[in-house]
Amino acid sequence: MKNISTDSLRTFVMVVEASGFAKAGDLLGLSQPAVSLQIKRLEDLLGYKLFKKQGQRQVLNQYGELLLPMAKQMMQHNDAILQLFTSESITGRVRLGIPSEFAARILPSIIGDFVALYPEVSLEVKSRLSKHLLSQERQDQFDLVLALNEQLDSEQFPIFKQDQLVWVGDLSLAQNDTVTLVTAPEGCIYRRRAIEALERSGIKYRIVYSNADLTGLIAALKEGLGITVLAKSTVPNELNYQLKTKFLPSLGDIGISLVKTASEPENAVFKLAEFIKLRLG
């Protein structure tokens with residue numbers, strides 16, 4: 001009976017989540033040739049190629065897409081077994097601050113897996129605008145902050161991932177004389193980017209609905225009240241989005257920072273930060 005190397009599966013998953021062999025190697029502490037060799041051994045064992053060339057990038061083919069969810073499941077079982085039977089025990093409390101769209105769209109599965117691995121860690125998650133999460137006066141309220149950051153070269157709040165901003169909703173509404181917007185309150189990066197892009201393009205707009213909660217904005221979008229702006233990775237599956245259209249301008253990119261705010265963070269904070277970085281790529 002053949003056995004699949006968990007190291008090869010972990011490398012495979014990391015290549016996908018990090019969007020590249022070189023980045024996966026950096027995260028795993030391996031050279032790019034070592035990553036390529038592990039993927040080749042996995043392909044040889046399975047008898048199928050897992051990636052295909054798309055421009056300058058390697059992306060999953062149909063066999064890679066089939067393997068990915070099973071590989072992730074095996075990694076979760078592997079990590080759970082090790083956590084259960086090894087001596088490492090992580091305890092403590094982590095106060096995590098995140099924007100509401102990350103709380104609703106990305107983090108539930110990540111937090112669920114983390115709690116399963118480290119059941120003795122207590123998590124307190126609060127949603128705020130990124131502007132508030134990164135403000136100096138609020139940093140004593142959190143141990144770890146995941147936030148949008150427009151300063152892509154920031155030394156104080158380093159960027160670990162970039163995302164594209166997109167227009168979301170019924171984009172046919174943009175063909176009207178005045179674009180109707182549903183947004184978070186003033187101070188929201190998405191709101192300001194939308195307004196700045198429309199004004200630069202000479203497009204009239206009107207904010208018809210404002211809500212700090214993503215659930216409220218989604219409801220307004222489904223009712224056809226207007227359109228909004230989100231980071232591409234946080235767009236709910238049921239909503240349409242575009243980088244730009246004939247009637248709407250491009251919005252550019254946004255950075256995502258993960259910041260440990262305490263001067264001497266507990267081990268649980270480091271573990272959660274490491275976990276989020278690996279899962280978000």
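For the record, in the sequence shown the residue sitting at position 18 is 18 according to full-length UniProt numbering, with numbers rising by one throughout. Glycine included, C-beta positions come from ideal geometry on N, C-alpha and C.
Give a yes or no on whether the C-beta atoms belonging to Lys174 and Leu248 are separated by under 8 Å.
-> Here residue 174 turns out to be Ala, not Lys, going by the sequence shown. Their beta carbons are under 8 Å apart, which means Ala174 touches Leu248 by this criterion.
In terms of residues, what are the limits of the alpha helix (DSSP H) holding Gln32?
-> It spans Gln32 to Leu46 - the alpha helix (DSSP H) in which Gln32 sits, taken as one unbroken run.
Name the residue from Ala18, Ile189 and Arg193 whose alpha carbon lies nearest to the alpha carbon of Lys131.
-> Ile189
Verify the CB distance criterion: does Val94 have a CB-CB separation below 8 Å to chain C?
-> Protein chain content of the structure displayed is limited to a single chain, and chain C is not contained in it.
At least 3 beta-carbon pairs within less than 8 Å: the segment 252-263 vs the segment 141-155 = yes
Under a Cβ-count criterion, where at least 16 other Cβ atoms within 10 Å of its own Cβ denotes burial, should Phe12 be classed as buried or exposed?
-> buried
Hey, how far is the Cα of Glu266 from the Cα of Pro119?
-> Straight through space, the alpha carbons of Pro119 and Glu266 are spaced by roughly 16 Å.
As assigned by DSSP and simplified to three states, the class of Glu124 | strand
Rounded C-alpha distance that separates Ser5 from Met14 = 14 Å
CB contact flag (Val168, Tyr241, <8 Å) = yes
In whole angstroms, what separates the C-alpha of Glu186 from that of Ile218?
-> 18 Å
Quickly, what does DSSP pair Gly92 with across the bridge? List them, please.
-> Val121
Three-state secondary structure (DSSP) at Gly136?
-> A small fix is needed here, since residue 136 is Gln in this sequence, not Gly. Helix, per DSSP.
Apply the 10 Å Cβ neighbour rule to Arg93 and answer buried if 16 or more other Cβ atoms are within range, or exposed otherwise.
-> exposed
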